[in-house]
Amino acid sequence: MALKNAHPFLSKAAEAALKKRGFPNADVIMAWPKIVGPDLAKVTHPKSLSFPTHSRRDGTLTVVTGGAFALTLEMMRPVVLERVNLYFGYTAVTRLRIVQT
Numbered sequence: 007m008a009l010k011n012a013h014p015f016l017s018k019a020a021e022a023a024l025k026k027r028g029f030p031n032a033d034v035i036m037a038w039p040k041i042v043g044p045d046l047a048k049v050t051h052p053k054s055l056s057f058p059t060h061s062r063r064d065g066t067l068t069v070v071t072g073g074a075f076a077l078t079l080e081m082m083r084p085v086v087l088e089r090v091n092l093y094f095g096y097t098a099v100t101r102l103r104i105v106q107t
């Protein structure tokens, strides 16, 4: 019961933290497996999303992955960008920055 009561507070706190990383809300994080598929979601996760000032287009999505998978993700760049933009419904993201861990 206490978790149910805390849910709105946690959602607001998470949303504030995600906004600092450029995500307008938690939707992209929560929908990541649906956006890129479950296999790709297992080895990647979105870290941040940035846009030019006063715009929600031509953004840069930073994705984290293990070092061994980075080359594969680089080759999948067009597919990932297409899937992310399909999710948004417009060309929100034009650059994919890959960070190896």
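Following the numbering used here, the numbering of the sequence shown begins with 7 at its first residue and continues without gaps.
Note that beta-carbon positions come from the ideal geometry of N, C-alpha and C, so glycine has one too.
Residue i beta carbon near the ligand COA (any heavy atom closer than 6 Å)
i	result
VAL99	As presented, the structure is devoid of all ligands, the ligand COA included, so that no description of it is given.
Sequence-distant residues of the same chain with beta carbon closer than 8 Å to residue i, five excluded per side
i	result
THR97	ARG63, ASP64, ASN91
GLY72	VAL49, GLN106, THR107
PHE94	none
DSSP bridge partner residues for residue i (one or two, in chain order)
i	result
HIS60	Paired residue(s): none; HIS60 is not in a bridge.
ILE101	Reading off the sequence, residue 101 comes out as Arg, not Ile. Paired residues: THR66.
THR71	THR50, GLN106
PRO77	The sequence given here has Leu at residue 77, not Pro. In the DSSP output, where bridge partners are listed per residue, LEU77 has none listed.
LEU55	LEU67
Sequence-distant residues of its chain with Cβ nearer than 6 Å to residue i (five each side left out)
i	result
LEU79	THR71, ILE104
THR100	ASP64
THR66	SER56, ARG101, ARG103
PRO39	ALA47
GLY43	none
Segment limits, alpha helix (DSSP H) that includes residue i
i	result
THR107	THR107 -> no alpha helix (DSSP H), and no H or E assigned at all.
Close Cβ partners of residue i (< 7 Å) along its chain, the five nearest in sequence each way excluded
i	result
PRO58	ASP64
Of the residues the options, the one placed nearest residue i, counting alpha carbons only
i	options	result
MET82	ASP33, SER61, ASP45, VAL34	ASP45
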